[in-house]
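Chains as they are written, first to last, in the working numbering: chain A, 34 to 360; chain B, 34 to 360; chain C, 34 to 360; chain D, 34 to 360.
Using N, Cα and C, we set each Cβ at its ideal position, and we do this for glycine too.
In this text, all values refer to a predicted model and were calculated from it rather than measured experimentally.
Number of protein chains: 4
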Amino acid sequence: MFKGQNLKLTLFGGSHGECVGGVMDGLPHGEAVDFDEIAAFMARRATGGALTTARKEPDAVHVDSGIRNGFTEGFPLALTIANTDTRRGDYNKLADKPRPGHADYTAYMKYGGFADMSGGGHFSARLTAPLCAFGAITKQILSRRGINVNATLVSVGEVSGDETALFAEIGRVKQLGDSVGGVISCEISGLNVGYGGPLWDGVEGRLAYAVFAVPGVKGIEFGSGFSGAKRLGSENNDPFCIENGAVKTTKNDSGGILGGITSGESIVFRSAMKPTPSIAKPQQTISLSAKENATLEIVGRHDPCIALRAVPVIEAVAAIATLDIIL
Amino acid sequence: MFKGQNLKLTLFGGSHGECVGGVMDGLPHGEAVDFDEIAAFMARRATGGALTTARKEPDAVHVDSGIRNGFTEGFPLALTIANTDTRRGDYNKLADKPRPGHADYTAYMKYGGFADMSGGGHFSARLTAPLCAFGAITKQILSRRGINVNATLVSVGEVSGDETALFAEIGRVKQLGDSVGGVISCEISGLNVGYGGPLWDGVEGRLAYAVFAVPGVKGIEFGSGFSGAKRLGSENNDPFCIENGAVKTTKNDSGGILGGITSGESIVFRSAMKPTPSIAKPQQTISLSAKENATLEIVGRHDPCIALRAVPVIEAVAAIATLDIIL
Amino acid sequence: MFKGQNLKLTLFGGSHGECVGGVMDGLPHGEAVDFDEIAAFMARRATGGALTTARKEPDAVHVDSGIRNGFTEGFPLALTIANTDTRRGDYNKLADKPRPGHADYTAYMKYGGFADMSGGGHFSARLTAPLCAFGAITKQILSRRGINVNATLVSVGEVSGDETALFAEIGRVKQLGDSVGGVISCEISGLNVGYGGPLWDGVEGRLAYAVFAVPGVKGIEFGSGFSGAKRLGSENNDPFCIENGAVKTTKNDSGGILGGITSGESIVFRSAMKPTPSIAKPQQTISLSAKENATLEIVGRHDPCIALRAVPVIEAVAAIATLDIIL
Amino acid sequence: MFKGQNLKLTLFGGSHGECVGGVMDGLPHGEAVDFDEIAAFMARRATGGALTTARKEPDAVHVDSGIRNGFTEGFPLALTIANTDTRRGDYNKLADKPRPGHADYTAYMKYGGFADMSGGGHFSARLTAPLCAFGAITKQILSRRGINVNATLVSVGEVSGDETALFAEIGRVKQLGDSVGGVISCEISGLNVGYGGPLWDGVEGRLAYAVFAVPGVKGIEFGSGFSGAKRLGSENNDPFCIENGAVKTTKNDSGGILGGITSGESIVFRSAMKPTPSIAKPQQTISLSAKENATLEIVGRHDPCIALRAVPVIEAVAAIATLDIIL
């Protein structure tokens, strides 16, 4: 459950079962919701570019309650998305052999077999569908306040550059039967100075808490981040200046946050996405029943680069966390 | 306020005023507390190596309540630390000229002058003194459960290597009247498999939320983190194996966390620390009163590398977050 | 949203719309769930005795996720209940004339018309259907731990006595075109000594917070409660004694709670339920549009005594709060 | 810890130890604080009328941080109050014989001897001193917004009437070596319509949660409360009317809350206070060490009626909860 100061979001379901969904508590009333914009955002998630898994889901968002005549009521907003393509059989044989890099083993140890892990279960990327639906709604609410959230894929493996270069690298890796990681950059523009606070009220910590929920995220940095850790203070500090009567900084290596508080510059953060754990190549694992080493070959199609499909998901969690911060 | 699931910690005070302190709610009762160990940990923070600011504080920890006869009572643990060296005068002249990289400007905009920002006020690194006191206590509680938290400085600026090399680099930067960033690595060993959960119950998000409260942290990565984002899945996945009858992984690029759940391997994360914002070199800033550009020269001694002094602080927040996770 | 320390429950929907439902976060995994018992409990709520409103709902509980093969998975448990009988028309004419004793006016002022208040909307007793479904599930979990929650109607208006007497009084009031209040007593047996704590960790406050969510509750008292406020200490104190080697009290005027902590005796509390606000008699109200006094006549059938139907609902919230306390 | 939506308050210390105190997080910045008013409120608590325990405490409030130049900073407000009169010896002999009606037994079972229960420890009414200090501060903040909180003692035992009658009854009971309960009424005036919400956002539940933290509270009712449970709907409903162009109700049996939302009328609630458990008369209890029945005689002076002294404490918690609701 996302435990924001103002917004709470519980996602439910998994890749198995008839639907996934979620309930968000704390949305203000009277906010217009455009369902075409939700659909467009869901389409961004579903396709994720031409190179992702062939699995196609329409992902129609069904609002159970909380929106009336196109406006939020101010009550919990519940929505569901049908699972139209649940091929449980594909995964059953994995049950005894935990996939390296996945939650199979840790979930088995924690939930003792009560959790249905076929297709990843509640750990599956399928949960990012309702997450994006809520992201689309919060993005609309933010947008009317002049705040925009935009994420982009900036590197794939060792390659950074334009979309063509990144797609080419993903295609190359796919041919190898392998997968590859990537980095997503996200900018939140239009925030006034003064949100957040010191220590655990800081904007960095609240955004990081939100972002690490996205499957595959293993790192986050704000502004110059890890690069800044290599610099001198005279390089890294952002000089203040007066620009058209307003206080600005001449650059934004702080990522829009000073002392945990928004500075009025855009928030900029980058997320490290690990390579998709599911790969076609044989991998070393164990048999849980036999308690011995084993080899695993995963059949079926998989995204060679989850970073590609995670772009709108990062946007969604950033939007949700940002709305929580400004409410 | 640190809002863990089980532990809550509120720190109070600042570099001004007579004391700093904090109250922790949620500690179990009957936990032995060794005050010599607290003092030793406070000494690690106070000295921070030979090259930090000359300001010396004894930092005696005074427990107001919650410990009796050397054991926790199970009630809120309150402690204070006197401010023995408050030279407010040094900072007053800065009030009109916000220091680049500091919270001066954002705090002024947020709190409208009601916050005493002399010496950094509630944003000051002074607050890390009570934070370390609570860290020392939680480290003891963890240690008796076989869990150990250890942080080390692994790089300063562009230099990584042994302590001598790092200190040399700090000394070099200090001569320039400048400051430099660094990276701190932290390992949490001894955790069983099964703590945490999917989405926002994930261990990464809960640790990140805790760690970003430390002044100067601008990034965090778990396991291979941003390096892993450059790799292939076949490189980054940690193969499972049976070792002496137990399930292990042959390496630990996941940083001890799979699907948000501890794997039984050590948790490993790295924090990017920005360079100390206060430097001797003149910097461009503004005059808030005149609303015009201005030049700022900060006099007085400052840590050339906050990363050095932050090592025990990272250890402290990691220990607090870990105890929250296992309770 | 119910914000327990361990359990969170969000209910959604209302008397309008296609369904009501809820999501509970924090349930342990591996708990058996008997759907026949859920159905039996839902039947208790739906009928509420012969004298309640004629509206009949089957209230079949549909679990969307969180239960697999009859056991909780340890993930959020989502369920929905269809609204099969939504006669919005009955209520539309009320929109301009707020019903005395209802949330019509306050909701209108708070939500500014965005909330659909037909049939009570999100304020409707309809929400108690999913509440009872979660109550039925938590009651099963408690029962396996030897803890039982039982509520009974102990008085209707000025009449207390057996069920026959209470039903007779409800029938009499119904003939008058009026409604009547009542008192529900609830006992939670089987709790060990030691749950809860001082101040805001106290069991009374946590139960009271849960119980006041039930529509119509206007008071709660534990043990001797308001009667105890009339007594001498020598009468009200519960003497301790040794009984079969165990510490007991010779009576239970504390309601099973001393210093906010369970004593090992049963928790006993009583809830004051106000009379159903909707009555057949003409009532004085206002026209919101005309801003003038007006008379309101409510047509349609209504429960003459919500206390009767609230009995299983009180049981449900008490069970949910109790499970939160012992987890 | 008081876990409001906006305010968090942790109290620490007990009747033993050098001080009691607390930390409040979430107060807005720039609120004027008048220390004379705090002192006046503390005096109300300390004296509690002529008939309370002879123990006299000056209860000077020492603010450690969070207030500067007479205004809140917007950071955690920490304060302490010295314990000047700690006669631990009086209570030590009680340790083996739990006092009926006290937390001695339940705390012993929960904390296993680690909690210092001399004088009530963390369960002692001594904690109400910092609670009142925070109440005095929040009352000032509310007062500047036109909101006033006033509590009064309305009955002692079977006696209701003016102060003289109530004091006479307390005096009579004191002569008997006994104690007596009472009822406190509290009015919160000046609140606009629209605070709160349905279900667990309701104002009743949030106030009840706050109020049950006061030692001795065993019941709470809003408006007509338990009396309303005896009435017909036609009697209990509050008719709406237009008065000078504004919407009002002709009476206030709802206690200012409809559907969990403030109606614009004053909130009115009543708290049932149990008789002081400590009485001079011999009582039946047990010996924990011998595991056998025993007789207890408590020496020393005690308040014959905690309800008298609890009046400002109820005012304090009501003020804190109200500020939390309106922020």
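Nearest to B:Val53 by alpha-carbon distance, out of B:Arg77, B:Asp92, B:Asn39, is B:Asp92. With respect to the 7 Å criterion, A:Lys251 and B:Gly261 are classified as neighbours on the basis of their beta carbons.
In the DSSP annotation of this structure, the continuous segment of the alpha helix (DSSP H) that includes A:Gln173 starts and ends at 161-176.
Put simply, the CB of D:Asn270 is near chain C, with a gap under 7 Å to one of its CB atoms. Rounded to whole angstroms, the gap between the alpha carbons of A:Thr117 and A:Thr161 is 15 Å.
If you draw a straight line from the Cα of C:Met306 to the Cα of C:Met142, it is about 25 Å long.
With a threshold of 7 Å between beta carbons, C:Met75 makes no contact with chain D. Taking a Cβ-Cβ threshold of 9 Å, the residues of chain C close to D:Met34 are Leu232, Trp233, Asp234, in chain order.
Taking the CA atoms as reference points, D:Ala241 sits about 24 Å from D:Ala79.
Distances from the alpha-carbon of C:Leu360 to those of C:Gly46, C:Leu44, C:His62 put C:His62 closest.
With respect to chain D, the C-beta atom of C:Tyr242 has a partner C-beta closer than 7 Å. The beta carbon of B:His95 does not come within 7 Å of any beta carbon belonging to chain A, so the residue lies off that interface.
For D:Ser296, the number of other beta carbons within 10 angstroms of its own is at least 16, and it is reported as buried. At a cut-off of 7 Å between C-beta atoms, A:Gly37 does not count as an interface residue with respect to chain C.
By DSSP's assignment, A:Leu110 forms a beta bridge with A:Met57.
For A:Met306, there is no enclosing alpha helix (DSSP H); the enclosing beta strand (DSSP E) has its first and last residue at 300-306. Nearest to C:Gly289 by C-alpha distance, out of C:Gly59, C:Arg132, C:Glu220, is C:Glu220. Excluding sequence positions up to five before and after C:Ala76, its CB lies less than 6 Å from no other CB in the same chain. Counting the other Cβ atoms within 10 Å of the Cβ of A:Ser322 gives fewer than 16, which makes it exposed. At a cut-off of 7 Å between beta carbons, B:Pro109 contacts chain D. Close CB contacts of B:Thr328 within its chain, under the 6 Å cut and outside five residues either way in sequence, are with Pro315 (chain order).
Nearest CB-CB separation between A:Thr105 and chain B: not below the 7 Å threshold. Residues of the region 45-59 of chain A whose Cβ lies closer than 9 Å to any Cβ of chain C, in chain order: Phe45, Gly46, Gly47, His49, Gly50, Glu51, Cys52, Val53, Gly54, Gly55, Val56, Met57, Asp58, Gly59.
Following the DSSP letters along the chain, one finds A:Leu186 inside the beta strand (DSSP E) bounded by residues 181-189. Legend: CB atoms of the region 148-182 of chain C lying less than 8 Å from CB atoms of chain D belong to residues His155, Phe156, Leu160. The C-beta of B:Val350 comes no closer than 7 Å to any C-beta of chain A. B:His62 has a beta carbon lying within less than 7 Å of a beta carbon in chain D. With respect to C:Ser98, A:Gly50 sits close: the two C-beta atoms are nearer than 7 Å. The alpha carbon of A:Gly107 has as its nearest neighbour, out of C:Gly103, C:Val96, C:Tyr144, the alpha carbon of C:Tyr144.
Remark: C-beta atoms of C:Asn270 and D:Gly215 do not approach each other more closely than 7 Å. DSSP, read as helix, strand or coil, puts A:Thr328 in strand. Interface residue (Cβ-Cβ distance to chain A less than 7 Å): C:Thr80 is not classified as such. Put simply, the CB of A:Val346 is far from chain B, with every gap to its CB atoms at 7 Å or more.
Taking the beta carbon of A:Ile300 as reference, no residue of chain B falls within 8 Å; the closest one sits roughly 12 Å away. Boundaries around D:Ser267 are those of the alpha helix (DSSP H), 266-269, since no beta strand (DSSP E) includes it. Using a Cβ-Cβ distance cut-off of 8 Å, the region 35-44 of chain D and the region 345-357 of chain D are in contact, since at least three pairs of beta carbons, one from each stretch, lie closer than that value.
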